[in-house]
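Here the sequence shown is numbered in the working numbering, starting from -3 and rising by one per residue.
Quick reminder that beta carbons are idealized off the backbone N, C-alpha and C, glycines included.
Computed from a predicted model, the values in this text were never measured in an experiment.
As structure tokens, the structure follows; a few thoughts come after it.
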Amino acid sequence: MRVVVVESPAKAKTINKYLGDDFTVLASFGHVRDLVAKDGAVDPDQDFSMKWEIGPKSEKHVREITEAVRKADAVYLATDPDREGEAISWHVRDVLAGRKVLGDKPVHRITFNAITKAAVTNAMAAPRDLHQELVEAYLARRALDYLVGFTLSPVLWRKLPGSRSAGRVQSVALRLICEREAEIERFKEREYWSVEALMATTAAAGGQPFTARLTHLNGAKLDKFDLPDAAAAQTAVAAIEGTTFSVGKVERKTARRNPAPPFTTSTLQQEASRKLYFSASRTMSVAQRLYEGIALGGETVGLITYMRTDGVQMAPEAIQGARATVEREFGARYVPDSPRVYKTKAKNAQEAHEAIRPTDPGRTPAMVAPYVSKEQLALYELVWKRTIASQMASAELDQVAVDLTAANGAATLRATGSVITFDGFLKVYHEGRDDIGDAGGDSDDESNRILPPLTEGDAVDRREVRSNQHFTQPPPRYSEASLVKKMEELGIGRPSTYASVLSVLQDRDYVRLDSRRFVPEDRGRIVTAFLENFFARYVEYSFTADLENKLDEISAGSLNYRAVLREFWSEFKSTVDEIQGLRVSEVLDALDAELGPHLFPPPEDESGPDPRACPSCGEGRLGLRLGKFGAFVGCSNYPTCRFTRQLVATNEDDGGADDLAAGPRLLGTDPETGKAVTLRKGPYGLYVQLGEQEQIGETKAGKPKMGPKPPRASLPRGLDADRVDLQVALGLLALPRDVDVHPDDGTMIQAGLGRFGPYLKHGDVYKSLPKDDDPLLVLTIGLNRAVDLLAQQSGGRTRMAARSLGDHPSDGKPVTLKDGRFGPYVEHGKARASLLKADRENIEGLTLERAIELIRLKAEKDAAKAQGTGAVEGSSGGAAAKGKATGKATTKATGKTAKAASSGKSATSKTKAKAAKASEDGSADTDGTTGSGSPRGRKAASGR
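Now the structure itself:
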């Protein structure tokens, strides 16, 4: 038995039918593992070693593949034929090797560009090894994106509260959108006029009308703005009306238009956007289904070839199939004399895939219509028409240009016309354009004007002269199609990334789509301004494109991927370190200057009011300010004047969760329990909940008896509701979580969420996470950052691990030596006592007897304080709570204190008071705190 591993279950189902019972085809459901979701997953200090983890959703599929491989004779890795597919195969092989189920079993890599029986059978007959170069290109891209995200995003959160993460490619695409918006805002419209005349041949020649445009006036050629106003246009009209015209020069030529090549990923996304109004992600989703297979009359077959490609070439058999279809459907006249061959300037021969085409060009859209959905049919028809048109004859046009000259030489008019003498490929396909705002139109219909027969010297009649007013238009905002095209032109991103880049920009509220055009939100413009001012090199188009080219060179085997990472990281890290030292006020000043024209547009009239003048106090100056909820416009006279104006619409009370007042918001289903995960609004704020509270019976009074409350977790302060998805919710519900083992003492560091916010716990030490960090840091913080923060809590001193000294002879409970916020101390039950100086100097030799003595002396000192008689000589007090006498220092109280001392328990209530105070900042001293590990902390975290 042989095992074949593919990515998707649909693909597995189709291939399984082709291979038969001797094969087991299993799906990995995409990547089986990813970088661990915390900092430190890519370690530059260890030559960019990477830590991978198998997600909870993937573990089930990995186990299934592992068990099948354990019984198999051979393994075939049949993931997609690109970098990502090669990486999935590499991950699967690595995981199987780690679980020791491969042994000496052969592992083959096979690829096919189409899911058809012939393609799969041919691939099985010609297996190969994994291409390590493609895997290394994937590793380099993954490491770059990770390092930028986990290094740059925290800087963004600290300097620009309320901002989201910054991605390597997304930031550059966002810059394109913001720059176009700035161009539009700076644009000043300009008036200009044109003049045209309705002319006709003479009555003797039939009086056929046509239109001509004024091109020369008073012997000079007219440029666009040479008729700037109505007066100039009227002068030109008068010049035309004051003379007669005859035919001057006549130009005739035959033009040929060739078809466009078949689709690549970007051109498919562009055309689907223009003609079908599909987003890039929707296009890829529908194309994926067509590629993986559709059941056609009982047989499942892939309808199109692989849809992530830069290539425009087609296999010879596909070209012949397309030509045969053209002849059958449209006639031999539409078949060119020789096949059209399109070539890609391939950066890497290993990645030179075919264009996107029908697997069988003879399978027309009408044939598949009964078996596919409406949108699948629309996209298949688009692919089929483009492919068929690419192998059709050129369109032929006759073009005529006629100059009409005035008798007095004052003016020249030009009339143009063209006629399609043979439609060729235009019979099937017209390529869409962005500049005419049409879903699928072409300018041919507008320019297909037929002029009457005209020869030099012919007289013509003038019928009407009219002038037309125009205004220049700003550059259009980017549509999905034009943005993908621009990114491709600049070399930013690759076929597999376009759709995700555009989706991320919208998901993070950096941009929005308005009339199918991208409009940057103020949040996005602020982030772009920040990056352009402080990380200019990393949002430069040339830098990003050069990095993409280096990834291509890695996949071609001509560059070492670790060398590329080293070169990038050394400069990037130094830039980040430099920016971290900036004050927020410096950042604000730079952003205020950069965004001033957008936030405070100057009046059209120079004598107009100052746009920065405060409308409330009239004296202050408006400027960009930052608060915990993000950027806003405020008055310089604060706090005397409290005028503010929001940039980004948020709700400061609930993080934008007004819609939760009507009821919980469903986030998804927990994959382990199958229970619903919801976001809710309670009396103490927002929280997430797993499942619902269930009724387990009835009381004697007949009232419902409810079971335990379901698991809940409060949202950390500063976390907006719109950032909470299923993954975030499950992470919050799983807190506290283990971060990693502390390198100094081998004990586990935990991250949790308590009543006072996110914290770290290491032994008895608690440390609150910085308030200016991202609220979700508690879900991702790694070992390096955690150790640094814990060291800050102890003043940079490495704390000693706890050590047992033995059991107390009175009750058998342990006596422990611990290291606290204020130094080492001994503990027995709730009683604690700091070590004296002599004990600290010989801490390794501390005995159980000495520890018991210190605890006794501490208890006696506390008893003396309670009586108001002063301290007991020789007692210790550095770590114990200090306070005034309770006012009830009676003999009875003294007796209780002495009794507590004999059992090793502290009698002071001030200890609890100080512990509660220490817990407010999430830290622990020698008096101890409990953070969210206490029942009270857990209740606060429940969202109630």
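Looking at the secondary structure, which residues open and close the beta strand (DSSP E) in which Asp457 lies? Translated into positions along the sequence shown, residue 457 becomes position 461. Unbroken beta strand (DSSP E) run through Asp457: 455 to 467.
Would you mind giving the Cβ-Cβ distance between Ala525 and Leu587, rounded to the nearest angstrom? I have them listed as a contact below 8 Å. The residue given as residue 525 occupies position 529 in the sequence shown. The residue given as residue 587 occupies position 591 in the sequence shown. Indeed they touch by this definition, with Cβ atoms about 5 Å apart.
Roughly how many whole angstroms lie between the Cα atoms of Gly866 and Gly819? By one-based count along the sequence shown, residue 866 stands at place 870. By one-based count along the sequence shown, residue 819 stands at place 823. Low confidence applies here, because Gly866 scores a pLDDT of 44, under 50, leaving its location unreliable; read the following figure in that light. Their Cα atoms are separated by approximately 24 Å.
Relative to the alpha-carbon of Ser390, which residue among Phe418, Ile384, Glu371, Met363 has its alpha-carbon at the smallest distance? Residue 390 sits at position 394 when you count from the first residue of the sequence shown. Checked all of Phe418, Ile384, Glu371, Met363; the closest Cα to Ser390 is Phe418.
Using 8 Å as the Cβ pair cut-off and three pairs as the minimum, do the region 572 to 589 and the region 505 to 515 touch? no
CB Leu578 to CB Tyr537, shorter than 8 Å? For the purposes of this step, residue 578 is taken as residue 582 along the sequence shown, with counting starting at 1. For the purposes of this step, residue 537 is taken as residue 541 along the sequence shown, with counting starting at 1. Cβ distance not < 8 Å, so Leu578 and Tyr537 don't count as in contact.
Could you check whether the region 127 to 142 touches the region 561 to 571, counting it as contact only if at least three pairs of C-beta atoms, one from each stretch, sit closer than 8 Å? yes
Residue ranges of each alpha helix (DSSP H) run of no fewer than 4 residues wholly in the region -3 to 40, ordered along the chain? 5 to 15
Would you give the residue range spanned by the alpha helix (DSSP H) that Thr383 belongs to? Counted from its first residue, the sequence shown places residue 383 at position 387. Run containing Thr383: 370 to 385, per the alpha helix (DSSP H) assignment.
Would Leu749 and Val783 qualify as a contact pair, given that the criterion is a beta-carbon distance under 8 Å? Numbered from its first residue, the sequence shown carries residue 749 at position 753. Numbered from its first residue, the sequence shown carries residue 783 at position 787. No.
For Arg285, count the other beta carbons within 10 Å of its own beta carbon; 16 or more makes it buried, fewer makes it exposed. Which is it? Position 289 of the sequence shown, counted from the first residue, corresponds to residue 285. Buried, because 16 or more other Cβ atoms sit within 10 Å of the Cβ of Arg285.
Could you say if the region 347 to 358 and the region 390 to 408 meet the contact criterion of at least three C-beta pairs nearer than 8 Å? no
Can you tell me whether Ala345 is buried or exposed, with buried defined as 16 or more other CB within 10 angstroms of its CB? Locating residue 345 in the sequence shown gives position 349, where the first residue counts as 1. Unreliable placement is indicated for Ala345, whose pLDDT of 46 sits below 50; the coordinate value is still reported in the next sentence. That one is exposed.
If you draw a straight line from the C-alpha of Gly753 to the C-alpha of Asp769, how long is it? Numbered from its first residue, the sequence shown carries residue 753 at position 757. Numbered from its first residue, the sequence shown carries residue 769 at position 773. For Gly753 and Asp769, the distance between alpha carbons rounds to 12 Å.
DSSP state of Leu806 mapped onto helix, strand, coil: As a first step, residue 806 must be located in the sequence shown, where it is residue number 810. Correcting the residue type first, residue 806 is Ser in the shown sequence and not Leu. Three-state DSSP puts Ser806 in coil, outside helix and strand.
If you pair each beta-carbon of the region 411 to 428 with each one of the region 253 to 261, do three or more pairs fall below 8 Å? yes
Looking only at C-alpha atoms, which of Leu765, Ile106, Pro739 sits nearest to Ala747? As a first step, residue 747 must be located in the sequence shown, where it is residue number 751. When only C-alpha atoms are compared, the closest one is Leu765.
Please report the straight-line C-alpha distance between Gly215 and Ala228, rounded to a whole angstrom. If you number the sequence shown from 1, residue 215 lands on position 219. If you number the sequence shown from 1, residue 228 lands on position 232. Using only the alpha carbons, I get a separation of about 16 Å.
With DSSP collapsed to three states, give me the class of Phe418. Against the sequence shown, residue 418 aligns to sequence position 422. In this structure, Phe418 counts as strand in the three-state DSSP scheme.
Where Asp815 falls, given that 16 or more other Cβ within 10 Å makes a residue buried: The count along the sequence shown starts at 1 and reaches residue 815 at position 819. So Asp815 counts as buried.
Report yes if the C-beta distance between Val822 and Leu813 is below 8 Å; otherwise report no. Taking the sequence shown and counting its residues from 1, one reaches residue 822 at position 826. Taking the sequence shown and counting its residues from 1, one reaches residue 813 at position 817. Yes, the pair counts as a contact, with Cβ atoms nearer than the cut-off.
Residue range of the beta strand (DSSP E) that includes Glu187: Locating residue 187 in the sequence shown gives position 191, counting from the first residue. Segment 187 to 197, the beta strand (DSSP E) holding Glu187.
Whole angstroms is fine: what's the gap from Ala411's alpha carbon to Leu194's? Numbered from 1 along the sequence shown, position 415 holds the residue referred to as residue 411. Numbered from 1 along the sequence shown, position 198 holds the residue referred to as residue 194. Taking the straight line from one Cα to the other gives about 10 Å.
Helix or strand or just coil, what does DSSP make of Glu528? Against the sequence shown, residue 528 aligns to sequence position 532. Three-state result, Glu528: helix.
Considering only residues of the same chain and omitting the five flanking positions on each side of Glu39, which have a CB-CB separation below 6 Å? Mapped onto the sequence shown, residue 39 falls at position 43. Note that residue 39 is Asp in the sequence shown here, rather than Glu. Excluding positions up to five away in sequence, the list reads Ser45.
Taking 8 Å as the limit between beta carbons, can you name the residues of its chain near Ala119, skipping five residues before and five after? Position 123 of the sequence shown holds residue 119. Only Ala74, Ile106, Thr107, Phe108 meet the Cβ criterion.
Contact the region 489 to 497 vs the region 303 to 318: 3+ CB pairs below 8 Å: yes
What is the rounded straight-line gap between the Cα of Ala199 and the Cα of Glu452? As a first step, residue 199 is located in the sequence shown; it is residue number 203 there, counting from the start. As a first step, residue 452 is located in the sequence shown; it is residue number 456 there, counting from the start. C-alpha separation (whole angstroms): 17 Å.
Counting Cβ pairs, one atom from each stretch, are 3 or more of them under 8 Å apart for the region 287 to 296 and the region 6 to 17? yes
Using the rule of at least 16 other Cβ atoms within 10 Å of the residue's Cβ for burial, across every protein chain shown, is Phe241 buried or exposed? Residue mapping note: residue 241 aligns to position 245 of the sequence shown, counting from 1. So Phe241 counts as buried.
Exposure of Lys757, with buried meaning 16 or more beta-carbon neighbours within 10 Å: Residue numbering aside, residue 757 sits at position 761 when the sequence shown is read from its first letter. Under this definition Lys757 is a buried residue.
Return the CA-CA distance between Gly293 and Ala362, expressed in angstroms with no decimal places. Position 297 of the sequence shown, counted from the start, is the residue given in the question as residue 293. Position 366 of the sequence shown, counted from the start, is the residue given in the question as residue 362. Roughly 14 Å separates the two Cα atoms.
Could you check how far apart the C-beta atoms of Pro611 and Pro598 are, in whole angstroms? I think they sit under 8 Å. Position 615 of the sequence shown, counted from the first residue, corresponds to residue 611. Position 602 of the sequence shown, counted from the first residue, corresponds to residue 598. Not really, about 16 Å apart at Cβ, beyond 8 Å.
So what's His594 in DSSP terms, helix, strand or just coil? Position 598 of the sequence shown, counting from 1, holds the residue named residue 594. Here His594 sits in helix by DSSP.
Exposure of Thr261, with buried meaning 16 or more beta-carbon neighbours within 10 Å: As a working mapping, residue 261 is identified with position 265 in the sequence shown. Flag for Thr261 reads buried.
Straight-line Cα distance separating Gln502 from Ser496: As a working note, residue 496 is residue 500 in the sequence shown. As a working note, residue 502 is residue 506 in the sequence shown. Each residue's alpha carbon lies about 10 Å from the other.
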